[in-house]
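Those letters in the sequence shown? Residues -21 to -1, 1 to 180, by mature numbering (1 follows the signal peptide of the UniProt record, and there is no 0). All C-beta atoms, glycine included, are put in the ideal place defined by N, C-alpha and C. Everything numeric in this text was worked out from a predicted model, so none of it was measured. Report on the structure given below.
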Amino acid sequence: MKKTLLSLLTTSILVSTSFAAADLTTETTAKSATYNTQATLMLENTVLSSNALPNAEQEMLDALLNGADFSGQTSKNESLIHAAASYTELPFFKRFLEESIARGFKITATDKQGLTLLHRAASNRASDVAVYLTDQRLPTTLTGKYRYNPSDEEIYPLFFAIFSKNVALTSTLSNGLTPEQIETTKAQVTAYQEWLNSEGQ
């Protein structure tokens, strides 16, 4: 009888301990998820405001160290690292890219549109970022779809350089493309410009 009671007591303690451990794990996970979300929001604010923040790089590093997701989505449904290629200055972008790669980011990764970092930099005339990315061997030959283009055709980063009449960037992003690919891109830009004109934009 004593052995039976002792056995029951031991089982009860083990079960209670198991449930307590499970509750603690659940609570820790929930806190971690909230913490990471907060850190990612901090990172989003830093990325989008980096040009006006004197200590933007340090704030970015703090957010990453606190568990922020470098590929998390902004309020405009953009990947943070791709948004950085569009909106931030080169020193900040370089450090952010380095830190993101150290955390597993692949430089050829695309955003939800299928656009690479090079597309995003070129689309916002971030020439220095675009040149830096080509120096990092991000291919100019990767294509993606541009959501504002009514055509279903995929485009090269060169599309944006030609559209913005950026001669230097056009030269850089033409490297690696065949003459036929360059001519196709020029035709796509012409068609896009004609569509904009027809829409009164």
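Taking 8 Å as the threshold (C-beta atoms), are residue j and residue i in contact?
i: T119; j: L156; result: yes
i: L96; j: A140; result: no
i: S153; j: L137; result: yes
Chain C beta carbons: is any one of them nearer than 8 Å to that of residue i?
i: I161; result: The chain labelled as chain C is not found in the depicted structure, where only one protein chain is given.
Can you list, in chain order, the residues of its chain whose CB lies under 6 Å from that of residue i, leaving out five sequence neighbours each side?
i: D90; result: S58, H61
i: L121; result: T95
i: G51; result: T19, L59
i: S102; result: F139
i: S177; result: none
Mind reading off the beta-carbon distance from residue i to residue j? Whole number of angstroms is fine, and I expect it under 8 Å.
i: F72; j: E36; result: Rounded, the Cβ-Cβ distance is 10 Å, inconsistent with contact.
i: S79; j: F49; result: 4 Å
i: G46; j: G93; result: That pair is no contact at about 28 Å.
For residue i, which of the options has the nearest alpha-carbon?
i: L69; options: F49, V110, N145, Y125; result: V110
i: E132; options: Q167, Q92, G179, Q52; result: Q167
i: Y135; options: Q115, A100, D48, V108; result: A100
i: K144; options: N56, Q17, S106; result: S106
i: T87; options: S102, Q115, R74, N56; result: Q115
i: E172; options: G93, Y127, D48, N103; result: Checking the sequence, you will find Gln at residue 172 rather than Glu. It is Y127 whose Cα lies nearest to the Cα of Q172.
i: T113; options: K85, T151, Q160; result: T151
i: F104; options: K165, Q17, T67, G179; result: In the sequence as presented, Phe is not what sits at residue 104; that position holds Arg. Ranking the options by Cα distance to R104, first place goes to T67.
i: I161; options: G179, E178, F142, S177; result: F142
i: F75; options: N56, V108, E159; result: V108
i: A81; options: K55, H98, Y125, L44; result: L44
Can you list, in chain order, the residues of its chain with a C-beta nearer than 8 Å to that of residue i? Leave out the 5 residues immediately preceding and following it.
i: A170; result: S130
i: T53; result: E23, V26, L27, L59, A62
Less than 7 Å between C-beta atoms, sequence neighbours within five positions excluded: which residues of the same chain meet that for residue i?
i: T25; result: L32, A35, E38, M39, A42
**Asked** In chain order, which alpha helix (DSSP H) runs of at least 4 residues are fully inside the region 132 to 165?
**Response** Here the runs fully enclosed are 137 to 142, 146 to 153.
Quiz item: What runs of the alpha helix (DSSP H), each 4 residues or longer, lie entirely inside the region 62 to 144?
Solution: 69 to 81, 96 to 102, 106 to 114, 137 to 142
Length at least 3, wholly inside the region 24 to 69: the beta strand (DSSP E) runs in chain order = none
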